[in-house]
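Colleague: The sequence shown begins at 0 in numbering that gives the first Met the number 0 and counts up one residue at a time. Every residue gets a Cβ at the ideal spot worked out from N, C-alpha and C, and that includes glycine.
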Amino acid sequence: MSPIRIGTRKSKLALWQAEYVADLLQKAGMDTELIPLETKGDKILDVSIAKIGSKGVFTEEIEAALASGEMDIAVHSAKDMQSVLPEGFELIAFTEREYPGDVLVSRKKDASLSNTEIPLTVGTSSVRRVALLKHHFPHIKVVDMRGNLQTRIRKMDEGQCDALILAFAGVHRMGYDELIAEKLPLTLFIPPVGQGCIAIEAFTHLDPERRKKIRTALNHLPTETRLLAERAFLRRLEGGCSIPAFAFAELEGDSLCISAGIIDPMGEKLIHRKLEGENKNAEKMGHSLAGEILSAGGRSILDEIHRQKNI
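1. Suppose the cutoff is 8 Å on Cβ atoms and the five residues either side in sequence are ignored; what does the same chain contact list for K279 look like?
2. With distances taken Cα to Cα, identify the nearest neighbour of I290 among N309, I270 and Q307.
3. Could you spell out where the beta strand (DSSP E) holding G6 opens and where it closes?
4. From this set, A198, L255 and K212, which residue's C-alpha is nearest A13's C-alpha?
5. Rounded to a whole number of angstroms, what is the C-alpha to C-alpha distance between C256 and M284?
6. What separation, rounded to the nearest whole angstrom, lies between the Cα atoms of L288 and L23?
7. With distance defined between alpha-carbon atoms, name the residue in P2, K268 and Y175 nearest to A130.
8. May I have a chain-ordered list of the beta strand (DSSP E) segments no shorter than 3 residues that lie completely inside the stretch 173-241?
9. Would you tell me roughly how many angstroms separate the C-alpha atoms of V83 and E223, rounded to the nearest one?
10. Using a 10 Å radius around the Cβ and a threshold of 16 neighbouring Cβ atoms, would you call I48 buried or exposed?
11. Quick check on Q81: buried or exposed, where buried means 16 or more other Cβ atoms within 10 Å of its Cβ?
12. Can you tell me whether K78 is buried or exposed? The criterion is at least 16 other CB atoms within 10 Å of its CB, across all chains shown.
13. Which term fits T123, buried or exposed, when burial requires 16 or more other beta carbons within 10 angstroms of its beta carbon?
14. In or out: Q16 buried (at least 16 other Cβ within 10 Å) or exposed?
15. Please determine, among K154, K11, H286 and S1, the residue with the shortest C-alpha to C-alpha distance to Q25.
16. Is it right to say P118 is buried, meaning 16 or more other beta carbons lie within 10 angstroms of its own, or is it exposed?
17. With DSSP collapsed to three states, give me the class of V20.
18. Return the first residue and the last residue of the beta strand (DSSP E) that R272 is part of.
19. Go ahead and label L90 buried or exposed: buried means 16 or more other beta carbons lie within 10 angstroms of its beta carbon, across all protein chains shown.
20. Whose C-beta lies closer than 8 Å to the C-beta of L163 among residues of the same chain, with five residues either side of it excluded?
21. Once the 5 residues before and after I3 are set aside, which same chain residues still bring their CB inside 6 Å of it?
22. Between the beta-carbon of P221 and the beta-carbon of L250, is there less than 8 Å?
23. Quick check on DSSP: helix, strand or coil for D45?
24. Please go through the same chain and pick out, in chain order, the residues whose beta-carbon is closer than 6 Å to the beta-carbon of K42, but skip the five residues on each side of it.
25. Just the C-alpha distance for L315 and H135, rounded to the nearest angstrom, thanks.
26. Compute the distance between the beta-carbons of I189 and F247, then report whether it is under 8 Å.
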């Protein structure tokens, strides 16, 4: 069999993830080749993701290469994937999930979101994180911070902020664990859909036997079940990474619990619900929970977000 051609973004974290996937495929007896590409989200660093638009900001160029046959699969952070993929594309595997929560990263060892005695300026480009900070920690000053993980840490070291809020998975994979000042509680900072997981995307023309071998080598079924629930929630909200929505599913045996919601960008209105059921109903649960959130005021939050974007 010819080598599996793996598409990836060029950042250090993206390449780490692609190499991790390549290693799993090699252990399963397949040769691999990495094909790094630069995406719109990598090129535009002076505008927030919310303003660029969430659909395909980190995937568009890679998906074009998949469709053309230049690559067999693409490796993405699952949290960057839009809720509805373009026609002909599918996610064929999800790797085992890393701890999905957020962390506060700082050179200041006493840095803490809850300490109101010490002024703290926090950098983040996430609308979800900004809104949750405003809601739970209104004394914190927030500044916009774009760029890959290394760029953000450099900006912090230059004095543009005292601390950053980042996904634990990326910080850990890049070896910056010593900079973690605080693990943010999952009860307060519920992660975005898919955080901590690597998603494998393919186009429909991928050879079925090749697809089967790739999926067998890479897919972690418990993680996939959790992600199916979370992505179904986001799909009904018609959201992407620029929507301040969150969803986190947990598995215990055959039981699935999904905790999800949405918060308005100013942090004033937080809607949060939970649902428990059987893991075989993962997607139905995510869809149903999204309906609850929309009916409880989520629809008006989304309408206002879309209205502001169109102004």
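Modeller: Per the coordinate set shown:
1. D253
2. Reading off the sequence, residue 290 comes out as Gly, not Ile. G290 has its Cα closest to that of I270, out of N309, I270 and Q307.
3. I3 to R8
4. A198
5. 9 Å
6. 34 Å
7. K268
8. 179-182 and 197-202
9. 16 Å
10. Low local confidence applies: a pLDDT of 42 at I48 is under 50, so the model's placement there is unreliable, and no value is given.
11. buried
12. buried
13. buried
14. buried
15. S1
16. exposed
17. helix
18. L269 to E277
19. buried
20. L103, V104, S105, V121, G122, T123, M144, R151, I152 and M155
21. L24, M29, T31 and D71
22. yes
23. Note that D45 scores 45 on pLDDT, short of 50, meaning its location in the model is unreliable and no value can be drawn from it.
24. With a pLDDT of 45 at K42, under the threshold of 50, the modelled position of this residue cannot be trusted, and the question is left open.
25. Since the first residue of the chain shown is 0 and the last is 310, residue 315 is not available in this structure.
26. yes
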